[in-house]
Amino acid sequence: MSGLDALLPYAFVVPLLPAIAFVVIGLAGTRLKALEWGGWIAVACAGAAMVLGVLIAVAEMLGPGQYVDRSFVWFQLPAGSSSIFPQGFALVMGTLVDPLSALMLIVVTVVGFLVLLYSIGYMHHDRGLPRYYAELSLFLTSMIGLVLADNLLEFFLFWELVGVCSYFLIGFYYERPAAASAAKEAFLVTRIGDVLFLLGIFLYFAAYALVGPGGGWAASGFKFTNGDQPFLGALVGQAQSPMLTIAGLMMLAGAAGKSAQFPLDVWLPDAMEGPTTVSALIHAATMVAAGVYLLAVVAVFIGFTPDDQLAIVAIGGFTTFYAATMAVVHTDIKRVIAYSTVSQLGYMVLAVGAGFAMVGLYHLFTHAFFKALLFLAAGSVIHAVGTQEMFRMGGLGRTMRVTSVAFLIGGIALSGILPIGGFWSKDDVLAVVVNAAGSHPLYWPFAILAFGAVFLTAYYIFRAWFLTFSGDRPRDATLPAAHEGPWVMQVPLVVLSGLAIGGALLVFVPSFASLLHVPAGGGGVPPVFSTADALVSAVSVGLGVAGFGLAYVLWGNGRVFALPASSPAQGVRTVLLRRYYVKDAFDAVGLRGMYGLSRAADFVDRFVLDGAVRGMERLFAATSDRLRRLQSGVVSDYAAYVVTGLVGLLLLVLFIGPYLVGAIGGG
Amino acid sequence: MTELALVDVLALSAVLLGVGLFGILTRRNFILLLIAIEVAMNAAILNFVAFAAFGGTPAAVSGQAIAVVLVGLAATEVAVGLAIVLALNRLRGSINVAEAVQLRL
Amino acid sequence: MSPEDLVFLGVAGVAVVTALLALLVRELVHTIMWVAIFFVDLAIIYFLLEAPFLGVLQLGVYAGAVTILLFFGVMVTRKRIFSREAATGIGPYPLGLALLAIVLVATAGSSIPGGDLPIRSIAPATLSTTLFGVDGGWLLLLGLTMMSALAGAIYLVREGRDE
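Protein chains in written order, with my numbering: chain V, 599 to 1265; chain H, 101 to 205; chain Z, 37 to 199.
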């Protein structure tokens, strides 16, 4: 519809709307008690952003898969002025609306709006709310900016901003040491990824700075697209070189940091120290998805080498299974959902690595909705009973019907059981991986791990559901009476449930499906839904149902399954609870390693450097002490010195003099 | 040696200088110090006179002229030295230079 | 050895001996006596070297004024005199000997220009011409020095110095 197309150049307005909220709440928030301390302003701006964002995405959908790039050059070095970039260099800020960003735009704005609305009720009793709403609005701005970024540098800029907002929001309850520590941990671990990401960007610059039309990539400001093509044109996915492989691995590292893939996953479960709404928005639906989005963007516009793809598949596949195993033993409801997020992100990474970036993004799309749903439902429970320990809960389904059903829907969607949500997207992921494994046999182990994770996923999520909602009454009798939250909390739950069910079905709408076809020149055209992979689907559904069954057997109807203390599985359980000691490994290397280094440095500073200085000082003091004895005050001594000098001079004149005269006077 | 030669006088001057030096370096009595200085100075003056006498050129008379000046100077120096002795004596009650060590570090 | 030489040898020997004695005897008044003899002896040497004016000057200034000055010094500080002090210090003997040896070697070993020329007699008239002519500057300096020395000496010894 050409009418909506007129909106496309104005995409830059979308991130500005929450920015307005950020500024207003930041400056005047403490005076806005009536507006829930700025909450309603944030909601309003997020709502406007959502409307505009969805309309733009629809415009993109209805158009022929175009790229619309609107940018503004704010710094430029002309050609010939720099030896590193002989054709010039530009820094550009702009927006690019393309199928990838349109998809993400819907996710980010819709979930953002719903979470903010939910927050009004959930956070009502908390302190420091202006800070909360301001930071969340800033986050929304940054995330939308990241999604709409039209060049690699701007992408990185918003990437960093998003990380900063995550730090702020995880540490929202900063007075709690655990929260402050978790915020630092999140920032530092993702930083490792970010540094490598930056190195990867430099490597891409080195490789491609002069490639492309109009003077080269550098001169255009490292944009992703040029007209209807990726800027690097035919090179995408075709170039092969060790440097590019390393650059791709760096990108993977950055994505692993942000999306909590092994081994940089340690921060995500700890990030649950932040408010549940923050977990829902940032650590389920959006920020962690940025890593996957990065991989997708690189895959489509720059390209990965085959070695990179294997690495991505390996990391994604391994993480999927690894995180799922940990989710089966934890007792904190938020942590279970957090591990689930890591695991599902692994699926997305897996898909991108197999060469089907859009399938990965499709799973991201559906996952955002049901994961946010799960988190908000959990939040509703926490809000009602004040605890996160599932073993203290039970029977809440009787008094919290809406929440219970919402959680159930989310769980079914997550498990990939027909016919809702995750079924469509997760099966697509599995299908493409199996497909790719046909031509890349090395992918098989990871495909199998992915299938294993399906079983575990169903098991752990239904375990959580049973533990929390089924039965007659809470296991811990001291729990307050549970009841549903206010309407601002229930409405998002209902909406998200609808989206979880139906969101995936959008794929049957042709214009939406067109989003999932990567335009010409991209990295591979994925099959969106192929009936030839029914076998894969059957296996996956079967595994899901099996998981549900096991969970029912062990936990249904208020039962509590206790592992016998003598069972060998207890050892396994301990390892899982300790998260495979990965965090301890980090501590050993980071803490003790750094501490050792610091102690060595301290030693050098205090004994070597200071020692040298003090040694000199003592040397001078000793020398002067000896020398001062010469000034004895006794005249005879002084006379003796004079005579000594005189004798010396005489000797000099008598014996050296003739030679000097010969040398100087001479000739 | 059939005749008196310059070397002989110079030798005497050297010996006298040695004597004077010995006195300067060893004597602790201020007056003896002054005497020793005088001996050394006279050795120097003798040197000048010797060169004037054996000079060979008319300009050698400058040696004597300088010797005259030096004699006057030496006398002056004794006078001032004695003034110092008197002041020191009044201050410290002794003329032992080994005791006048206020300038030691 | 010519008679001149012998005479000179004797006079020189006296000079050295009296100088040593002056520095080594116990009683300070005896020192003064030896000092006087030393100065007179030097005057004799000057006469031998055909420098009559200087000889007379030596007698007048040294054997006269300086001796009396030293005598006064001894008398004024008499009551609290240390006439003998053990010699300590940084080994003056070696130094003095070294200096001595060097100078001897230098003078005896090398050939001094005009070393075998006979003594020239210089008339006082020539001397005075030079003294107030070519070398007049030295005389002026001497005069200035003497004046400032006088001022200094007066300052040093005046009564009322409150130390």
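Beta carbons are placed, not taken as given, at the ideal position from N, Cα and C, and that holds for glycine.
- A Cβ of chain V is located within less than 8 angstroms of the beta carbon of H:Val197.
- At the C-beta level, Z:Val97 and H:Val185 stay beyond 8 angstroms of one another.
- Of the other Cβ atoms in all chains shown, fewer than 16 fall within 10 Å of the Cβ of V:Asp1070; this residue is therefore exposed.
- The beta carbon of Z:Met182 sits closer than 8 angstroms to some beta carbon of chain H.
- DSSP lists V:Thr693 as the beta-bridge partner residues of V:Arg668.
- The beta-bridge partner set that DSSP reports for V:Gln674 consists of V:Ala688.
- Z:Ala185 and H:Val180 have their C-alpha atoms some 6 angstroms from each other.
- With respect to the 8 angstroms criterion, Z:Ile73 and Z:Val47 are not classified as neighbours on the basis of their beta carbons.
- For the pair V:Thr985 and V:Leu1091, the CB atoms are not nearer than the 8 angstroms cut-off.
- For Z:Tyr98, there is no enclosing alpha helix (DSSP H), since its DSSP letter is neither H nor E.
- Judged by beta-carbon spacing, V:Ala1098 lies within the 8 angstroms limit of V:Leu971, meaning their Cβ atoms are closer than that value.
- Taking 9 angstroms as the upper bound on Cβ-Cβ separation, chain Z lies near residues Ala111, Leu112, Ser113, Ala114, Val115, Leu116, Leu117, Gly118, Val119, Gly120, Leu121, Phe122, Gly123, Ile124, Leu125, Thr126, Arg127, Arg128, Asn129, Phe130, Ile131, Leu132, Leu134, Ile135 of the segment 111-135 of chain H.
- Shown in chain order are the members of the segment 1222-1235 of chain V whose Cβ falls below 7 angstroms from a Cβ of chain H: Arg1226, Gln1229, Ser1230, Gly1231, Val1232, Val1233, Ser1234.
- When the five nearest sequence neighbours on each side are left out, the beta carbons in the same chain lying within less than 6 angstroms of the beta carbon of V:Ile880 are those of Ser764, in order along the chain.
- Around the beta carbon of V:Tyr1058, 16 or more other beta carbons sit within 10 angstroms, so the residue counts as buried.
- Residue contact with chain Z for H:Val201: absent (no Cβ-Cβ distance below 8 angstroms to any residue of chain Z).
- In chain Z, no part has a C-beta under 8 angstroms from the C-beta of H:Ile137; the shortest such distance is about 11 angstroms.
- Here V:Tyr716 is near V:Val1086, since their CB atoms are less than 8 angstroms apart.
- With distances taken between CA atoms, V:Leu893 lies nearest to V:Ala949 out of V:Ala949, V:Ile980, V:Tyr920, V:Ile935.
- With a 10 Å radius around the Cβ and a threshold of 16 neighbouring Cβ atoms, V:Lys969 comes out buried.
- Against chain H, the beta carbon of V:Val1241 has neighbours under 9 angstroms at Leu121, Ile124, Leu125, listed in chain order.
- V:Asp930 carries a strand assignment under DSSP once its states are collapsed to helix, strand and coil.
- When the five nearest sequence neighbours on each side are left out, the beta carbons in the same chain lying within less than 8 angstroms of the beta carbon of H:Phe148 are those of Gly163, Gln164, Ile166, Ala167, Leu170, in order along the chain.
- At least one C-beta of chain H is nearer than 8 angstroms to the C-beta of V:Ala1237.
- Against chain V, a Cβ distance below 7 angstroms from H:Arg190 picks out nothing, because the smallest value is about 18 angstroms.
- Per DSSP, reduced to three states, the secondary structure at Z:Ala159 is coil, with no helix or strand assignment.
- At least one C-beta of chain H is nearer than 8 angstroms to the C-beta of Z:Ile81.
- Counting only unbroken stretches of 4 or more residues, the alpha helix (DSSP H) elements lying wholly within the segment 1162-1213 of chain V are 1167-1175, 1180-1184, 1192-1201, in sequence order.
- Closest in C-alpha terms to V:Ala1102, from the list V:Ile742, V:Tyr960, V:Gly1231, comes V:Tyr960.
- Here the alpha carbon of V:Met1214 sits roughly 38 angstroms from the alpha carbon of V:Phe1253.
- Using a CB distance below 8 angstroms, the part of the segment 155-171 of chain Z facing chain H consists of Ile155, Arg156, Ile158, Thr162, Leu163, Thr166, Leu167, Val170, Asp171, ordered along the chain.
- Proximity of H:Ala175 to chain Z, defined by a Cβ-Cβ separation below 8 angstroms, is satisfied.
- The secondary-structure analysis by DSSP pairs V:Glu987 across a beta bridge with V:Asp930.
- Straight-line measurement puts the Cα of V:Leu943 at about 13 angstroms from the Cα of V:Ala912.
- For V:Val1092, the uninterrupted alpha helix (DSSP H) run begins and ends at 1085-1100, by DSSP.
- Taking C-alpha positions only, H:Ala143 is separated from V:Leu1217 by approximately 45 angstroms.
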